[in-house]
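Right, one structure below, let's go through it.
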Amino acid sequence: MIYSKNSIMLNLLLSQWRIKVKGFIKIVIPLTIIFQVNISLAQKPPLQLDNYKSWTNIEGGSISNDGKFAFYQIENTPVSTDAFIIKSMDKDWMLGFVTLSNPCFSDDSRYLFGILPGDTLISLNLKTKIIIKIPNVIDFKSLKQRTENLLIYRDKENKLVLRDVNGAIINSWLQVNEYIISPNRSNFFIQKCISKDTFQIVSYDLVSNVDKVIYEGLAPSNLLTNESGSQFAFLLHTDNGNAIWYFDKSMSFARELISRNSPGIDSTKSIDVGQFYMFSGDGERLFFYLTDLSHSHIQQSQPSDLEIWSYQDAYLKSYYYNNGEIPIAAYLSIIQIHSGEIVQLLHSNEEIAGDFDDFRSGRDSIFLVKSSFGPVNERWNTSSRTSYSICFSRTGKMIPIETNRSIPLESLKISPNFRYIAYYDSERKNYYSYTVATGEKKILTSKISAKSFTNYQMENYPISYTWPLGIVGWMDENNMIVQGNYDLWSIDLLGMRAPLNLTSFVGEKERIVFYPGIENFSSKNGKKQIILTAFNTKTKDYGFYSLNLNTHALIMLSMAPRYCGAIKDVYTKLSPPEFLRAKEQNFFLIRWENYNRAPNYFFSKDLKKFKQISNNQPQTKYNWLTAELHTYKDSLGNFYQGVLYKPENFDKKNRYPLIMNIYEEKSNLLNSFPSGILSPGEISIATMVSAGYLVFLPDIKKELPKHVGECIMRSIISAADHLKQYEWIDQKKLGICGGSTGGFETNYIITHTDRFSAAISGAGVSNMITQATMLRNGNSNINQLNGFGYMMGASLPEDPITYIKNSPILEVSKVHTPLLILHNTGDNSVSYTHSQSLFIALRSLQKKVWWLNYKNEGHGIMDMDKRIDYNKRAIGFWDYYLKERPEPKWMKDHLSVTNR
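Per this note's numbering, the very first residue in the sequence shown carries number 11; after that it's consecutive.
Structure (structure tokens):
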């Protein structure tokens, strides 16, 4: 079914369309296009909480390797179903199906594969539009052998079939439980169930179309192959413990490679697989794990019904018992495949550090090891120390890099030529290089402020230097690319050249965050051209720049009021489903959004011009919203920004109640789309604005030596003072709300000002003293409050006065703002006892306070029915205090002598 590019798509009605293909009936689901009907703003209804049930969203985009085709899915079209759409990028046609699972393009971009409802696998020829259907398929993979596209799939009878896309069967196997294909797609290894206790593994060579049985016996698991399929391994569970079996192409039958009785494995160890169970890049070694069955790393001399806590413990006892059991230690090990020699690479309290992806990609001859005992956030704890070493995986030899540290290293990387280790030392506030051959260390950034390498929003945090943005790439074997707060830096690992600002300080000057958010764009004639994402922190525009790493030429490709990706973190690599690149062309599929434009896919050949290929706009049915960026000053002359949402039918002749929604800095959300789908922990901004409220998201800025509460108050009062100039804001009907850190901020505000007529606090801290000495997932919070959003600046024993000043519960007598608290007893991030104590203290003074506790929910509300219930109660609370509507029944209900 082909549609004109001039068609205006408002809604997709899915119905069966029958066409004859090669003499038999094929069922395709077309798109019935209804032209958009203009509806006046006055006719649009407000968004309701239960509209999420019919809310549509664009997801699951992909682009073919040649960049000529793209697909995406429209969730909830029709309701409780998904619509799958495929389009041609250079010809004006598209096809639609109902719910196509696991869709993928063939490597040569000639076919689309996927599973329709009813377990029917389809093969769509993108040139002829001919569809081949295969029923009763439970899983499949597409392959390419020479010039031929192939499908391998398993049906409901556990029959594995290999066939070409035209339907011709090449081979098949019965009773298949599992199969694995080598990454280069030349070999299969197939596990078959012959009887209850007998299993086979069949090796199949796709090139020669020859298969053979290489194992028969007990049930194998954890099938593993190397890149070429020339090596294969699996785990076997026996009465004598686990064993790993091995096969390669020189063998006629698999053999046991390692068992519990192998030399080098003691009786307290068990063979297992784990995170890095794989063949080495050179094929000489197999990585596996030895698990410690003795628990000897934890001494338990006391009776089982007694816990003894000692001040000398590296970990609190709660660390071990938090999940109800003591964790079993597992140690990365290798076996030399030809000699059978076993080497345990890691030992007690050691783990792999640095770039895990490098390890998995075969760069495994050396790797970095972190040895630690005790929590890394307890710097005062002499039992808590961390050391770093280089491990040579062929021998297990360790070379120390940094030892006995109280502050861990950050952003550890191995250079592409394996000659250098690069890392950031938070204690010394510098990047370092370590030469593997000589052990020489060099300071690389001594003339640059540590703040230059920190998130721009965290520059004023007391220990911001401990969280560098990190190493994000390599110029060449001797030069790394480091992310700065705005710009990118090239740093010479030899220390011969001073650090070079690759973006010529344009980011810092214009307050644009540049980030190498996508893979290399091109590399022609020796010129390394990369694409950077760019976020303007002043205007909130977003787009792309190109950077030539040789000439440092920085060219803007596009910038606009829109967003793509995770808007809460601008230092994020773009990835599917927001951003996709065709492998064979510099063609892109991007999911853009804006405050009044739902996320949709756009196609681009150059990241300058964009062609919209989807048009899902569920918000157009409702009285939606507009967003404005506001800039203002505080009493000290500091600049702030905030986002003001107004209803689409805003009339400046009216007077509107306004709610401030707070959590650190939120102005970056200007161009994000506030979905109609309810979030776990916050009120629905879209629903509130659609119903006639204004919502303001002010930035909160914190800095030492001012204590955090003072900074919060100055930020919020400056925002409230800024909004006083607008006559259409009812200054007597201001509300404030926030969750988590925003909950603490709300608690503090209402204990220090009466500017707000009502407040909602979600899962917020009320007592800094108890927070500093509480447990979080078995660990202590004592140093957690120094940084992040609480910014105490010191530990509780060092500065108790600051903890007292910033504890809202100690100021409850000053509260005159009605408060609704949301805090669930299942919260593992902030203990519900903070809100329980705050409620009890306010209640004792007969302050107007309500507490909502959704049992079995945590830091947010995951159950959708409970989310709706919470939002309904929150709206009733706001309506009563900010719109003078009747008090909800649940607010009036209470236990008394007569009704208990």
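By construction, the Cβ of each residue, glycine as well, lies at the ideal position given by its N, Cα and C atoms.
Sheet register partners of residue i (DSSP bridge)
{"i": "Ser427", "result": "This sequence places Asn at residue 427; Ser is not what is there. The partner list for Asn427 (beta bridge, DSSP) is empty, contrary to what the question assumes."}
{"i": "Tyr632", "result": "Answer is none; Tyr632 lacks a bridge partner."}
{"i": "His640", "result": "Gly652"}
{"i": "Ala768", "result": "Gly745"}
{"i": "Ser111", "result": "Ile125"}
{"i": "Phe402", "result": "Ile376, Lys407"}
{"i": "Ile180", "result": "Ile180 is not bridged to any residue."}
{"i": "Ser382", "result": "Thr396"}
{"i": "Lys222", "result": "Ser213"}
{"i": "Lys832", "result": "Note that residue 832 is Leu in the sequence shown, not Lys. The partner list for Leu832 (beta bridge, DSSP) reads Gly772, Leu862."}
{"i": "Arg601", "result": "Tyr611"}
{"i": "Leu245", "result": "Ser231, Ile254"}
{"i": "Arg173", "result": "Leu161, Ile179"}
{"i": "Val353", "result": "Ile344"}
{"i": "Met801", "result": "None, per the DSSP bridge assignment."}
{"i": "Cys574", "result": "DSSP lists no partner for Cys574."}
{"i": "Asp435", "result": "Leu419, Asn440"}
C-beta contact flag for residue i and residue j at 7 Å
{"i": "Tyr62", "j": "Gly70", "result": "no"}
{"i": "Gly239", "j": "Ser196", "result": "yes"}
{"i": "Ser119", "j": "Asn159", "result": "no"}
{"i": "Leu342", "j": "Ala363", "result": "no"}
{"i": "Gly749", "j": "Glu692", "result": "yes"}
{"i": "Ala563", "j": "Tyr555", "result": "no"}
{"i": "Ile491", "j": "Gly480", "result": "no"}
{"i": "Tyr496", "j": "Glu518", "result": "yes"}
{"i": "Thr921", "j": "Pro628", "result": "Residue 921 lies beyond the range of the chain shown here (11 to 910); nothing can be said about it."}
{"i": "Gly772", "j": "Leu832", "result": "yes"}
{"i": "Asn681", "j": "Pro609", "result": "no"}
{"i": "Val705", "j": "Asn816", "result": "no"}
{"i": "Leu668", "j": "Ile739", "result": "yes"}
{"i": "Ser421", "j": "Pro478", "result": "yes"}
{"i": "Ala851", "j": "Ile819", "result": "yes"}
{"i": "Asn489", "j": "Ser500", "result": "yes"}
Nearest to residue i (by Cα), restricted to the options the options
{"i": "Ser677", "options": "Ile501, Leu639, Ser196, Pro56", "result": "Leu639"}
{"i": "Glu266", "options": "Leu733, Glu737, Ile224, Ser750", "result": "Ile224"}
{"i": "Leu300", "options": "Pro273, Arg156, Phe150, Val283", "result": "Val283"}
{"i": "Val653", "options": "Glu437, Asn427, Asp497, Lys548", "result": "Lys548"}
{"i": "Leu216", "options": "Ala253, Asp249, Arg521, Leu153", "result": "Leu153"}
{"i": "Ile453", "options": "Phe150, Thr543, Asn866, Leu504", "result": "Leu504"}
{"i": "Lys593", "options": "Leu422, Ile73, Gln53", "result": "Ile73"}
{"i": "Gly527", "options": "Gln539, Met506, Val822, Lys583", "result": "Lys583"}
{"i": "Cys747", "options": "Asn881, Gln155, Lys712", "result": "Asn881"}
{"i": "Asn596", "options": "Trp602, Leu617, Tyr605, Glu603", "result": "Leu617"}
{"i": "His826", "options": "Leu707, Ala243, Ser767", "result": "Ser767"}
{"i": "Gln346", "options": "Gly291, His357, Leu303, Ser381", "result": "Gly291"}
{"i": "Gly915", "options": "Lys97, Leu635, Ser725", "result": "Look at the range of the chain in this structure, 11 to 910, and you will see that residue 915 is not part of it."}
{"i": "Thr448", "options": "Ser64, Ile424, Pro426, Ile409", "result": "Ile409"}
{"i": "Arg521", "options": "Ser462, Leu820, Leu557", "result": "Ser462"}
{"i": "Ser272", "options": "Ser262, Asp258, Ala264, Ala253", "result": "Ala253"}
{"i": "Met723", "options": "Leu905, Thr697, Ser700, Gly752", "result": "Gly752"}
{"i": "Ser111", "options": "Leu122, Met104, Lys101", "result": "Leu122"}
{"i": "Ile687", "options": "Asp60, Pro426, Arg164", "result": "Asp60"}
{"i": "Ser403", "options": "Asn834, Ile376, Lys380, Thr396", "result": "Ile376"}
{"i": "Asp875", "options": "Glu294, Ser689, Ile792, Ser776", "result": "Ser689"}
{"i": "Asp873", "options": "Asp889, Ile770, Asn834", "result": "Asn834"}
{"i": "Gly350", "options": "Trp255, Phe428, Thr278", "result": "Trp255"}
Any non-hydrogen atom of the ligand SAH within 6 Å of residue i CB
{"i": "Ile760", "result": "The model depicted lacks the ligand SAH and carries no ligand whatsoever."}
Entirely enclosed alpha helix (DSSP H) segments - the stretch 473 to 557, minimum 4 residues
516 to 520
Give a yes or no on contact between the stretch 794 to 811 and the stretch 854 to 867, applying the rule of three or more CB pairs nearer than 8 Å.
no
Answer yes if the stretch 688 to 702 comes into contact with the stretch 451 to 465, meaning at least three C-beta pairs across the two stretches below 8 Å, and no otherwise.
no
Continuous alpha helix (DSSP H) assignments of at least 4 residues falling wholly in the stretch 860 to 904:
874 to 892, 899 to 902
Are three or more beta carbon pairs between the stretch 864 to 876 and the stretch 887 to 898 nearer than 8 Å?
no
Three or more C-beta pairs under 8 Å: does that hold for the stretch 657 to 669 against the stretch 843 to 853?
no
Give the list of continuous beta strand (DSSP E) stretches no shorter than 3 residues that lie fully inside the stretch 652 to 730.
666 to 671, 704 to 708
As an exercise, report each continuous beta strand (DSSP E) stretch of at least 3 residues that is fully enclosed by the stretch 260 to 298, in chain order.
265 to 268, 279 to 282
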